[in-house]
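A.B. asks:
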Amino acid sequence: MHAGQRNQVAICLVMATALLYSAIILFLLPLQLIAVPPCPRDCEPIDATDRDRIQFAQNLEFLETEYFLCGALGKGLDAFEPEYAKGGPPPIGCKQANLNHLTRRVIEEFGYQEIGHLRAIKRTVGGIPRPLIDISTENFAKLFDKAVGYCLDPPFDPYEDKVKYLLGVYAIPYVGLTGYVGANPCLKKFSSKRLVASLLGVEAGQDAVVRGWLYRIADEKVEPYNITVLAFTKAISRLRNKLGHCGIKDEGLMVPLELGAENRTTSNVLSADPNSLSYPRTPAEILRIVYGTGDEHRPGGFFPEGGNGRIAREYLSNAKLKVL
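Numbering follows this note's numbering, in which position 267 of the sequence shown is assigned residue number 267; successive positions increment by one, without gaps.
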């Protein structure tokens with residue numbers, strides 16, 4: 001075989017090899033598209049155990065416990081089950097809100113429900129120490145200023161009346177709800193899935209009650225501001241989407257028709273995706289929101305010293321975490 005023939009054979013072999021690789025890739029590509037991992041890579045946190053994920057959620061449960069109990073009764077977790085705090089510091093700004101009888105009864109019930117959540121988490125995976133939590137008037141004022149884009153005058157005070165307190169509630173439990181939705185597909189153990197499903201049910205109920213109340217007065221202006229309840233909910237949801245960095249996962253009480261259920265309504269009593277399914281959020285997204293910084297590595301907002309548990313603490317100590 002002379003040199004020309006050898007070159008031709010070599011070229012043919014290269015072409016045949018390339019065609020074989022192309023065929024393999026074309027065969028495997030559909031499989032790759034079908035074999036979606038149980039937890040999305042985009043906006044996904046560190047590789048975590050069931051225990052890590054549920055203990056991370058306990059940060060939000062502590063926040064809700066303190067805000068509900070303080071708002072309804074003027075005293076927090078330490079007055080009821082101090083051992084559940086595991087030595088963590090008391091919250092900043094615990095204060096009883098100026099609520100009517102019905103609202104106080106419901107919020108008090110929410111507070112007791114949160115104590116039960118802390119107990120269930122502790123019994124299932126072991127609890128974490130309560131992080132430092134800031135539910136002060138000043139912290140809420142900063143949050144609502146950031147949401148509307150300017151300094152409210154006078155500063156927003158969620159403890160001043162029922163409507164403002166409910167808007168404060170609007171700013172908290174829904175975040176935990178989306179966290180449970182995001183965590184559930186990633187859990188391995190039956191006991192973990194059962195716990196999270198049960199917690200999610202009550203969190204969703206609390207969110208629905210508050211959204212329902214606010215929906216009834218959506219067009220009313222919040223005194224003394226020239227801002228309606230509806231506008232405040234839109235502003236809070238818009239801010240959370242911005243801080244989360246992962247698209248629309250939060251919606252106010254009214255939405256454009258194209259975002260309404262089946263694109264047939266602008267009513268939005270329950271926030272949900274185009275298939276009317278609950279939006280999921282990852283721990284990284286949640287930290288960006290509750291810290292108010294848009295950065296899971298930089299604490300602030302409701303958690304001035306950061307959350308507790310392995311996930312939250314590793315985000316604080318390491319900016320380059322292994323993703324799933």
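Yeah, the Cβ is synthetic: ideal placement off N, Cα and C, and Gly gets one too.
Given that a residue counts as buried once 16 or more other Cβ atoms are within 10 Å of its Cβ, and exposed if not, what is Q32?
C.D. replies: Residue confidence for Q32 is low, a pLDDT of 35 falling below 50, so the modelled location carries little weight and cannot support an answer.
A.B. asks: In terms of DSSP beta bridges, what is D250 paired with?
C.D. replies: Answer by DSSP bridge pairing: none, since D250 is not bridged.
A.B. asks: Between the stretch 60 to 76 and the stretch 108 to 119, do three or more beta carbon pairs fall short of 8 Å?
C.D. replies: Verdict: yes, contact present.
A.B. asks: Spatial neighbours of D250 within its chain, please: C-beta separation below 6 Å, excluding the five flanking residues on both sides.
C.D. replies: Answer for D250: S237, R240, N241, listed in chain order.
A.B. asks: Taking the runs of the alpha helix (DSSP H) that are 4 residues or longer, which of them lie wholly in the stretch 127 to 165?
C.D. replies: Within the stretch 127 to 165, the complete alpha helix (DSSP H) runs of at least 4 residues are 137 to 148.
A.B. asks: Let me know the alpha helix (DSSP H) ranges lying completely inside the stretch 174 to 198, each 4 residues or longer, listed in chain order.
C.D. replies: Here no run is fully enclosed.
A.B. asks: Can you tell me which of N308, L166, T265 puts its alpha carbon nearest to the alpha carbon of L102?
C.D. replies: For L102, the nearest C-alpha among the options comes from L166.
A.B. asks: Take L73 and list the residues in its own chain whose beta-carbon comes closer than 6 Å to its own, dropping the five residues that flank it on each side.
C.D. replies: No residues qualify anywhere along the chain.
A.B. asks: For G247 and V209, I'd like the C-alpha separation in whole angstroms.
C.D. replies: Near 25 Å, if we compare the C-alpha coordinates of V209 and G247.
A.B. asks: Residues in the same chain with beta-carbon distance under 7 Å from D273, minus the five sequence neighbours each way, listed in chain order, please.
C.D. replies: Answer for D273: Y279, listed in chain order.
A.B. asks: Can you give the beta carbon distance from R51 to G179, rounded, assuming they're within the 8 Å contact cut?
C.D. replies: That pair is no contact at about 15 Å.
A.B. asks: Could you pull the start and end residues of the alpha helix (DSSP H) that N59 belongs to?
C.D. replies: Note, N59: alpha helix (DSSP H), 50 to 73.
A.B. asks: Nearest to A235 by alpha carbon, out of V163, D207, V148?
C.D. replies: Selected option, being the one with the closest Cα: V148.
A.B. asks: Per the contact definition of three or more C-beta pairs closer than 8 Å, is the stretch 188 to 204 in contact with the stretch 215 to 230?
C.D. replies: Touching, no.
A.B. asks: Can you tell me whether DSSP reads S317 as helix, strand or coil?
C.D. replies: Helix at S317.
A.B. asks: Between F303, S267, P129, H297, which has its C-alpha nearest S136's C-alpha?
C.D. replies: When each option's Cα is compared against that of S136, the closest is F303.
A.B. asks: Would you call the CB atoms of G292 and G306 closer than 8 Å?
C.D. replies: Against a cut-off of 8 Å, the Cβ pair of G306 and G292 comes out as no contact.
A.B. asks: Quick test of your reading: L195 and T124, contact by CB under 8 Å. State the CB separation rounded to the nearest angstrom.
C.D. replies: At roughly 5 Å, the Cβ-Cβ gap stays under 8 Å, so L195 and T124 are in contact.
A.B. asks: Would you kindly check if the distance between the Cβ of A85 and the Cβ of I311 is under 8 Å?
C.D. replies: The answer is no: Cβ separation not under 8 Å.
A.B. asks: If you run the structure through DSSP and keep just helix, strand and coil, what is K95?
C.D. replies: DSSP places K95 in coil when its eight states are reduced to three.
A.B. asks: Tell me whether T265 sits in a helix, a strand or coil according to DSSP, three-state version.
C.D. replies: Three-state DSSP puts T265 in coil, outside helix and strand.
A.B. asks: Below 6 Å CB to CB, which residues in the same chain sit around C94 once its five sequence neighbours on both sides are set aside?
C.D. replies: Excluding sequence neighbours, C94 sits near C70, G76.
A.B. asks: Would a C-beta distance cut-off of 8 Å place V270 and R211 closer than the cut-off?
C.D. replies: Reading off the sequence, residue 270 comes out as Leu, not Val. Result yes, Cβ atoms of L270 and R211 sit closer than 8 Å.
A.B. asks: Taking only three categories from DSSP, how would you classify T233?
C.D. replies: Helix at T233.
A.B. asks: Under 8 Å, do N308 and P90 count as touching if we go by C-beta distance?
C.D. replies: Their beta carbons are not under 8 Å apart, which means N308 does not touch P90 by this criterion.
A.B. asks: According to DSSP, which residues form a beta bridge with T325?
C.D. replies: Since the first and last residues shown for the chain are 1 and 324, residue 325 lies out of range.
A.B. asks: Which residue's Cα is closest to the Cα of Y215: L243, L187, M254?
C.D. replies: The option with the nearest alpha carbon to Y215 is M254.
A.B. asks: Suppose contacts are defined by Cβ-Cβ distances below 8 Å. Is I107 in contact with E81 by that definition?
C.D. replies: No.
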